[in-house]
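Engineer: Protein chains in written order, with our numbering: chain A, 1 to 112; chain B, 1001 to 1116.
Note that beta-carbon positions come from the ideal geometry of N, C-alpha and C, so glycine has one too.
Nothing here was measured: the structure is a model prediction, and the numbers come from that model.
To start, I am sharing the structure in question, which I have written as structure tokens.
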């Protein structure tokens, strides 16, 4: 069956450390993968998109990697801050042009 | 630019009642999506429109859910009759459309529905 798994439901780290979130998928061959942030009571907000031919993408303190052999994407937040506390969702399109399929998300808590 | 607007933000109804949600996407976005998000889960697509045509409604429970997008702009999602398991947040999202590249989706704040 097709699955998207975000391995940790919750991740707790200290301020200043690097947070690493994992997204694994099975039985999909996505051309790209997206990451979103969701705060309580709000809709998801787009963060980054990475294509299958890109190994790595960066935006400020965020970095995403995409390994199509391992069928895995890693999402890193460096120098984490309490304001980074949120749920992070990975998403992909099973077929280009169709709607996103989301993982369950990982809730990150950054303590000061 | 203005974001995706949704109303109401909260709704409490009894089972077997009906409810409707409204969405106004970002101006110029041809594609509109309705997602259902149950607590602790990621959003799950209910229906996808491109302009005013349906692209995908394979996961829409058509015996009780209906949606329309008049004139390719605003959209409404209706549930009739509601069941307890319909308690969830209903998210509307919109995006630009291209046959050659992916675009990010912009989400509204959602409507939290509680069915008692």
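Looking only at DSSP bridge pairs, what is residue 1014/B linked to?
Structural biologist: Paired residue(s): none; residue 1014/B is not in a bridge.
Engineer: Measure the Cβ-Cβ separation of residue 92/A and residue 44/A and say whether it is below 7 Å.
Structural biologist: Cβ atoms of residue 92/A and residue 44/A: not closer than 7 Å.
Engineer: Whose Cβ in chain B lies nearer than 7 Å to the Cβ of residue 102/A?
Structural biologist: By Cβ distance, chain B contributes 1042, 1043.
Engineer: Just list the beta strand (DSSP E) runs in the segment 1008 to 1073 of chain B, keeping only unbroken ones of 3 residues or longer that don't cross its boundaries, in chain order.
Structural biologist: Counting only runs of 3 or more, we get 1010 to 1013, 1019 to 1024, 1031 to 1037, 1044 to 1050, 1053 to 1056, 1065 to 1068.
Engineer: Under DSSP, the beta strand (DSSP E) around residue 24/A begins and ends at which residues?
Structural biologist: First-last of the beta strand (DSSP E) with residue 24/A: 19 to 26.
Engineer: Residue 40/A: buried (16+ other C-beta within 10 angstroms of its C-beta) or exposed?
Structural biologist: With fewer than 16 Cβ atoms within 10 Å of its Cβ, residue 40/A is classed as exposed.
Engineer: Determine which residues share a DSSP beta bridge with residue 95/A and list them.
Structural biologist: BP columns for residue 95/A are empty, so no partner.
Engineer: Are there 16 or more other CB atoms within 10 angstroms of the CB of residue 19/A, so buried, or fewer, so exposed?
Structural biologist: That one is buried.
Engineer: I want to see whether chain A comes within less than 7 Å of residue 1048/B, judged by CB atoms only; does it?
Structural biologist: So, interface residue.
Engineer: Which value, in whole angstroms, describes the spacing of the CA atoms of residue 1062/B and residue 1032/B?
Structural biologist: Their backbone Cα atoms lie some 18 Å apart in a straight line.
Engineer: Which residues does DSSP pair with residue 104/A in a beta bridge?
Structural biologist: Residue 104/A pairs with nothing; no bridge assigned.
Engineer: Go ahead and label residue 1116/B buried or exposed: buried means 16 or more other beta carbons lie within 10 angstroms of its beta carbon, across all protein chains shown.
Structural biologist: Its Cβ having fewer than 16 others within 10 Å, residue 1116/B is exposed.
Engineer: Tell me the DSSP bridge mates of residue 88/A?
Structural biologist: Answer by DSSP bridge pairing, in chain order: 37/A, 106/A.
Engineer: Can you round the beta-carbon distance between residue 1094/B and residue 1025/B to whole angstroms, since I take them to be within the 8 Å contact cut?
Structural biologist: Contact flag correct, Cβ pair sits at about 3 Å.
Engineer: Is the beta carbon of residue 1106/B sitting closer than 7 Å to the one on residue 1036/B?
Structural biologist: No, these two residues do not count as a Cβ contact at 7 Å.
Engineer: So, is residue 81/A buried or exposed, given that buried needs 16 or more other C-beta atoms within 10 angstroms?
Structural biologist: Answer is exposed; the Cβ neighbour count stays below 16.
Engineer: Which class does residue 1091/B belong to by DSSP, given the choice of helix, strand or coil?
Structural biologist: It is a strand residue.
Engineer: What's the gap between the Cα of residue 35/A and the Cα of residue 1069/B?
Structural biologist: Spanning the two alpha carbons is a distance of roughly 27 Å.
Engineer: Using the Cα positions of residue 75/A and residue 1041/B, report the straight-line distance between them to the nearest angstrom.
Structural biologist: Roughly 19 Å separates the two Cα atoms.
Engineer: CB residue 1112/B to CB residue 1103/B, shorter than 7 Å?
Structural biologist: No, the pair does not count as a contact, with Cβ atoms beyond the cut-off.
Engineer: Sorted by chain position, which residues of the same chain lie with C-beta nearer than 6 Å to residue 1043/B's C-beta, five sequence neighbours on each side aside?
Structural biologist: Same-chain partners within the cutoff: 1035, 1037, 1091.
Engineer: Name the residue from 1057/B, 1100/B, 1007/B, 1017/B whose alpha carbon lies nearest to the alpha carbon of residue 1084/B.
Structural biologist: Ranking 1057/B, 1100/B, 1007/B, 1017/B by Cα distance to residue 1084/B puts 1017/B first.
Engineer: Of all the CB atoms in chain B, is at least one closer than 7 Å to the CB of residue 89/A?
Structural biologist: Output row for residue 89/A: interface = yes.
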